[in-house]
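Here the protein sequences come in this chain order: A and B. Be aware that the first sequence starts at 1, since it is given in full-length UniProt numbering, and climbs by one per residue. Be aware that the second sequence starts at 1, since it is given in full-length UniProt numbering, and climbs by one per residue.
There are 2 protein chains.
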Amino acid sequence: MLTIGDLSRATGVKIPTIRYYEQMGLMAAAERSGGNQRRYESHDRERLSFIKHARDLGFTIEAIRELLELSAHPDRPCVDADEIAVRQLQSVRNKIAKLRLLEKELDRMTSRNHDDQVKHCYVLRSLANHDMCVSEH
Amino acid sequence: MLTIGDLSRATGVKIPTIRYYEQMGLMAAAERSGGNQRRYESHDRERLSFIKHARDLGFTIEAIRELLELSAHPDRPCVDADEIAVRQLQSVRNKIAKLRLLEKELDRMTSRNHDDQVKHCYVLRSLANHDMCVSEH
DNA sequence: CATAATAGCTATAGATACTGGAGGAACACA
DNA sequence: TGTGTTCCTCCAGTATCTATAGCTATTATG
Ligand SMILES: [Zn+2]
Ligand SMILES: [Zn+2]
Ligand SMILES: [Zn+2]
Ligand SMILES: [Zn+2]
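See below:
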């Protein structure tokens, strides 16, 4: 039997976050002690570790809900789970592509000499004028 | 004189967002028509374009507030503005680095044959077990 | 001028995924 | 029994919008 604090230390998920996951239905409502405190078992720890790992990889709560639901049916085909992961990979690649464009512009803006006054500042002039940018973003 | 709709079309910023920026103090409270509708001038359009451009580049509202404040003093040195931009560049590079790690793991997870059942699914097994990952994240 | 269509107003709530605090109760240990 | 740590619920706040409801103003047409 684990307290919520034990579970938190075991998984690295903060206590309010565990309660939040319960509220969101990702974790089942825990059993309670006589004094109304949550008590967990090892399968709860495994489930929460799964959730944390997926969150660390950027899956949304909704995606995780689906992945957990799928995990409950070991004999079904896993195409749905694979598709969710592929979508997540695409979303990550999209974000990287967008951030690369931003990096390029910010690098350009900041790579000039800046021993200057506000009225001549290349950073501020670039922000005021998107035409100075080399890409869409 | 521009209505809020004109300003929205001219800058690509949605109407509720313009009102939100006013509430946040990024845009000055607009003058009003007899019937209490907001009326803008071209300097408002320039200011809002600046805000939009900076938001598109990922600057926070707080950073933009500082940049706008700096812009109001043309004769001061611009080191503060440059520093804000450099910090933003670093933040973007940080995000890219983290996303690359996620991309690597997600690519590994999804690059197997998946003609399979849930109980053998490499995606689900990987999510259940961080030891299968090749990096921290 | 009357009416209709379009556009604007405020106030409030929702999305996303948590995080923190107040005020009080329970638990573990000596 | 006392003490210190942990836990409880409820509520508010973070960041940046976005959307709805219910109402009013402006503009265009006949
Ligand atoms: Zn500068
Ligand atoms: Zn630009
Ligand atoms: Zn699979
Ligand atoms: Zn991992």
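Every residue gets a Cβ at the ideal spot worked out from N, C-alpha and C, and that includes glycine.
Integer Cβ distance of residue i from residue j, believed to fall under 8 Å
{"i": "methionine 27 (chain A)", "j": "leucine 48 (chain A)", "result": "7 Å"}
{"i": "glutamate 105 (chain B)", "j": "histidine 137 (chain B)", "result": "7 Å"}
{"i": "histidine 114 (chain B)", "j": "aspartate 44 (chain A)", "result": "Going by Cβ atoms, the distance from histidine 114 (chain B) to aspartate 44 (chain A) rounds to 28 Å, so no, they are not a contact pair."}
{"i": "isoleucine 96 (chain A)", "j": "leucine 101 (chain B)", "result": "Between leucine 101 (chain B) and isoleucine 96 (chain A) the Cβ distance is about 11 Å, and since that is not below 8 Å, they are no contact."}
{"i": "lysine 52 (chain A)", "j": "glycine 5 (chain A)", "result": "That pair is no contact at about 16 Å."}
{"i": "phenylalanine 59 (chain B)", "j": "alanine 128 (chain A)", "result": "The Cβ separation is near 13 Å, so there is no contact."}
{"i": "leucine 7 (chain A)", "j": "aspartate 107 (chain B)", "result": "31 Å between Cβ atoms; not a contact."}
Proximity test, residue i beta-carbon vs ligand 6 heavy atom, cut-off 7 Å
{"i": "glutamate 105 (chain B)", "result": "With respect to small molecules bound, the structure shown includes ligand 1, ligand 2, ligand 3 and ligand 4 and not ligand 6."}
Cβ of residue i within 8 Å of any chain A Cβ
{"i": "glutamine 117 (chain B)", "result": "yes"}
{"i": "methionine 24 (chain B)", "result": "no"}
{"i": "leucine 99 (chain B)", "result": "yes"}
{"i": "glutamate 103 (chain B)", "result": "yes"}
{"i": "leucine 71 (chain B)", "result": "According to the sequence as given, residue 71 (chain B) is serine; it is not leucine. So yes, serine 71 (chain B) belongs to the interface."}
{"i": "leucine 57 (chain B)", "result": "yes"}
{"i": "valine 92 (chain B)", "result": "yes"}
{"i": "valine 86 (chain B)", "result": "yes"}
{"i": "leucine 89 (chain B)", "result": "yes"}
{"i": "leucine 48 (chain B)", "result": "no"}
Residue i, enclosing alpha helix (DSSP H) - first and last residue
{"i": "serine 33 (chain B)", "result": "First-last for serine 33 (chain B): undefined, no H or E at that position."}
{"i": "serine 71 (chain A)", "result": "61-71"}
{"i": "glutamate 103 (chain B)", "result": "79-110"}
{"i": "valine 123 (chain A)", "result": "122-128"}
{"i": "leucine 48 (chain A)", "result": "42-56"}
{"i": "residue 184 (chain A)", "result": "No answer is possible for residue 184 (chain A): it lies beyond the span of chain A, which begins at 1 and ends at 137."}
Cβ of residue i within 8 Å of any chain B Cβ
{"i": "aspartate 44 (chain A)", "result": "no"}
{"i": "methionine 27 (chain A)", "result": "no"}
{"i": "threonine 11 (chain A)", "result": "no"}
{"i": "alanine 81 (chain A)", "result": "yes"}
{"i": "aspartate 6 (chain A)", "result": "no"}
{"i": "lysine 14 (chain A)", "result": "no"}
{"i": "threonine 60 (chain A)", "result": "no"}
{"i": "aspartate 131 (chain A)", "result": "no"}
{"i": "methionine 109 (chain A)", "result": "yes"}
{"i": "isoleucine 96 (chain A)", "result": "yes"}
Practice task
Spell out a yes or no on whether the segment 64-84 of chain B and the segment 110-118 of chain A are touching, meaning 3 or more CB-CB pairs, one atom from each, closer than 8 Å.
Solution key: yes
Practice task
Report yes or no: do three or more beta-carbon pairs, one from the segment 57-70 of chain B and one from the segment 28-36 of chain B, lie closer than 8 Å?
Solution key: no
Practice task
Pair every Cβ in the segment 36-43 of chain A with every Cβ in the segment 1-21 of chain A, then say whether three or more of these pairs are closer than 8 Å.
Solution key: yes
Handout entry: Segment contact, 8 Å Cβ cut-off, at least three pairs: the segment 83-90 of chain B with the segment 57-67 of chain B
Key = yes
Handout entry: Residues passing the C-beta test against ligand 3 heavy atoms, cut-off 6 Å
Key = A:Cys78, A:Ala81, A:Asp82, B:His114, B:Asp116, B:Cys121, B:Tyr122, B:Val123
Practice task
Could you please go through the chain and list the residues whose beta-carbon is closer than 5 Å to any non-hydrogen atom of ligand 4?
Solution key: B:His130, B:Cys133
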